[in-house]
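Q: Residue numbers (our numbering), protein chains in the order written: chain A, 1 to 130; chain B, 131 to 422.
Ideal Cβ placement from N, Cα and C applies to all residues, glycine included.
Encoded structure:
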């Protein structure tokens, strides 16, 4: 018995990442980090800013997402997101810039608590990369 | 018969027109490849999004409290039609096809005595509709400045629609666009956005899945539905741009060919009249010599 399932990450512009055989995927779920293994129960969840970790035979891959939605059904995990990048391709400067930008956003007024929380969370997870 | 000089001028003018159409065809062909790729890449996202929402909505137990965006306002008096067209002309029947489709739909609505409101996206659609339906057009949006189609633009349109819906300005929303099938064929489409109606429901009426939701079901739906509208509009815009380039390519190809034929015809005419003039001169000389 293989312990692998299918993963597909789709952005509005294209199919961002797709792999037929992954062993484990960790996503930043709305109510906390979540790990998926094979035969997970069907689930739909929002994502909050954070890191998607994909484990497969070829090793580990990391992506940063800002928002999105994940659906797991019949060993088929699809992640829809409009803002994602592969951490491998970005250097520290880029991430620093993102942090500064989100910190600026925090200083704006008229933010509700939920947004403030999400931005704070984004900064935290961005900082944890470095 | 036109004089030799006139013919010469016409031939050269047709030739330069041909050069232009040829260049436009090449440009369209290059753009088409990109646009087509984008349209094809964008399809999975909107499809998946639709599917998730369908799965979600089929699982709703309390239909009365379901979000309005999904179930509609319960009325069908005011129709909002969003007509997506291009910003540039010279693309064959591309815009007219959408407009024709939209117009027949408008007529149907008006005949039923319902109110019609129109939002045009792209300036060509506005140009064609303003004569007949000027009073119905409530907004015109154009993305002439943005070079490429991006999600941000689509989101703007989506937000306007949702905004107006929440103000109870309309009950039913339909969008019109061209679906890209291949370079020669583009199919004008109408798609109802609010209340959500999917053409795929019949095809795969999957057995209900029991999902776990995180956060709560209605919170997901409330968040996802506006996103879905933007996504569907984005998809429509991508399809539209691919269709536009395809349509332009075929149109310009035809124009180039027609110009070529015209040049051939004019050249023959030019040669004939040149010969006729020479013959006439010869006859004049000969008959002049004979009379001596």
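#1: Mind listing, in chain order, the continuous beta strand (DSSP E) runs of no fewer than 3 residues lying wholly within the segment 37-84 of chain A?
#2: Quick check on the DSSP output: what are the complete beta strand (DSSP E) runs of length 3 or more inside the segment 176-248 of chain B, in order along the chain?
#3: Less than 8 Å between CB atoms is the rule here; does residue 24/A satisfy it with respect to chain B?
#4: Using the beta-carbon of each residue, which ones in chain A are nearer than 9 Å to residue 370/B?
#5: How long is the line joining the alpha carbons of residue 291/B and residue 391/B, rounded to whole angstroms?
#6: Can you give me the C-alpha to C-alpha distance between residue 334/B and residue 261/B, rounded to a whole angstrom?
#7: To the nearest angstrom, report how far apart residue 228/B and residue 25/A are at their CA atoms.
#8: Using a Cβ cut-off of 8 Å (strictly closer), state whether residue 66/A contacts chain B.
#9: Quick check on the burial criterion: 16 or more other C-beta atoms within 10 angstroms. Buried or exposed for residue 71/A?
#10: What would DSSP say about residue 429/B, mapped onto helix, strand or coil?
#11: Can you tell me which of the three DSSP states residue 335/B falls into?
#12: Give me the chain A residues within the contact set of residue 340/B, using Cβ-Cβ distance strictly less than 8 Å, ordered along the chain.
#13: Would you please state the rounded distance, in angstroms, between the beta carbons of residue 341/B and residue 43/A? I believe it to be under 8 Å.
#14: Could you tell me whether any Cβ in chain A is nearer than 8 Å to the Cβ of residue 186/B?
#15: Going by other Cβ atoms of all chains shown within 10 Å of its Cβ, with 16 needed for buried, is residue 308/B buried or exposed?
#16: Measure from the C-beta of residue 356/B to each C-beta in chain A and report whether the shortest distance is under 8 Å.
#17: At 7 Å on the CB atoms, spell out the chain B contacts of residue 12/A, in chain order.
#18: Verify the CB distance criterion: does residue 331/B have a CB-CB separation below 8 Å to chain A?
#19: Report the CB separation of residue 281/B from residue 80/A in whole angstroms; it is logged as a contact under 8 Å.
#20: Measuring straight from C-alpha to C-alpha, what distance separates residue 7/A and residue 48/A?
#21: Alpha carbon to alpha carbon, how far is residue 409/B from residue 233/B? Give it in angstroms, no decimals.
#22: What runs of the beta strand (DSSP E), each 3 residues or longer, lie entirely inside the segment 334-382 of chain B?
#23: Taking Cβ positions, are residue 162/B and residue 379/B nearer each other than 8 Å?
#24: Tell me which residue opens and which closes the alpha helix (DSSP H) that residue 263/B is part of.
#25: What do you get for residue 68/A, buried or exposed, if any count of 16 or more other CB atoms within 10 angstroms of its CB means buried?
A: Once the coordinates are examined:
#1: 43-47, 50-56, 59-65, 68-73, 76-80
#2: 208-214
#3: One-based indexing of the first chain puts residue 24/A at position 24. Judged by the 8 Å Cβ criterion, residue 24/A is not in contact with chain B.
#4: Counted from its first residue, the second chain places residue 370/B at position 240. Under the 9 Å cutoff, chain A gives no residues; its nearest Cβ is about 15 Å from residue 370/B.
#5: Position 161 of the second chain holds residue 291/B. Position 261 of the second chain holds residue 391/B. Straight-line Cα distance between these residues: approximately 48 Å.
#6: Translated into the one-based positions of the second chain, residue 334/B becomes position 204. Translated into the one-based positions of the second chain, residue 261/B becomes position 131. Confidence at residue 334/B is low in this model, with a pLDDT of 48, below 50, so the placement of that residue is unreliable and no value is reported for it.
#7: Looking up residue 228/B in the second chain gives position 98. Looking up residue 25/A in the first chain gives position 25. Distance between the alpha carbons of residue 228/B and residue 25/A: 44 Å.
#8: On the first chain, position 66 is the one that residue 66/A refers to. Output row for residue 66/A: interface = no.
#9: As a first step, residue 71/A must be located in the first chain, where it is residue number 71. Residue 71/A should be labelled buried.
#10: Because chain B is modelled from 131 through 422, residue 429/B falls outside the range shown and cannot be assessed.
#11: Counting from one through the second chain, the residue named residue 335/B turns up at place 205. In this prediction, residue 335/B scores a pLDDT of 48, lower than 50, which makes its location untrustworthy; the coordinate-derived value is nonetheless stated afterwards. Coil at residue 335/B, not helix or strand.
#12: Here residue 340/B is taken as the residue at index 210 of the second chain, counted from 1. Within 8 Å Cβ-Cβ: 42.
#13: For the purposes of this step, residue 341/B is taken as residue 211 along the second chain, with counting starting at 1. For the purposes of this step, residue 43/A is taken as residue 43 along the first chain, with counting starting at 1. Sure, about 6 Å apart at Cβ, within 8 Å.
#14: For the purposes of this step, residue 186/B is taken as the residue at position 56 of the second chain. Cβ-Cβ to chain A under 8 Å: yes for residue 186/B.
#15: Taking the first residue of the second chain as 1, we reach residue 308/B at position 178. Classification for residue 308/B: buried.
#16: Along the second chain, one-based indexing puts residue 356/B at 226. Answer no: the Cβ-Cβ gap between residue 356/B and chain A never drops below 8 Å.
#17: What you label residue 12/A is simply residue 12 of the first chain in a count that begins at 1. Going along chain B in sequence order, the residues near residue 12/A (Cβ under 7 Å) are 172, 175, 281, 361, 364.
#18: Here the question's residue 331/B lines up with position 201 in the second chain. Its pLDDT being 48, under 50, residue 331/B is placed unreliably by the model, and nothing is read from it.
#19: Your numbering for residue 281/B matches position 151 in the second chain. Your numbering for residue 80/A matches position 80 in the first chain. Incorrect: roughly 12 Å between the Cβ atoms, too far for contact.
#20: For the purposes of this step, residue 7/A is identified with residue 7 of the first chain, where counting begins at 1. For the purposes of this step, residue 48/A is identified with residue 48 of the first chain, where counting begins at 1. Cα-Cα distance, rounded: 19 Å.
#21: On the second chain, position 103 is the one that residue 233/B refers to. On the second chain, position 279 is the one that residue 409/B refers to. Each residue's Cα considered, the two are about 59 Å apart.
#22: 342-344
#23: In the second chain, residue 162/B corresponds to position 32, counting from 1. In the second chain, residue 379/B corresponds to position 249, counting from 1. In contact: residue 162/B and residue 379/B (Cβ atoms closer than 8 Å).
#24: To locate residue 263/B, count along the second chain from 1; it is residue 133. Residue 263/B -> alpha helix (DSSP H) spans 253-263.
#25: Counting from 1 along the first chain, the entry for residue 68/A is found at position 68. Buried, by the Cβ-count rule.
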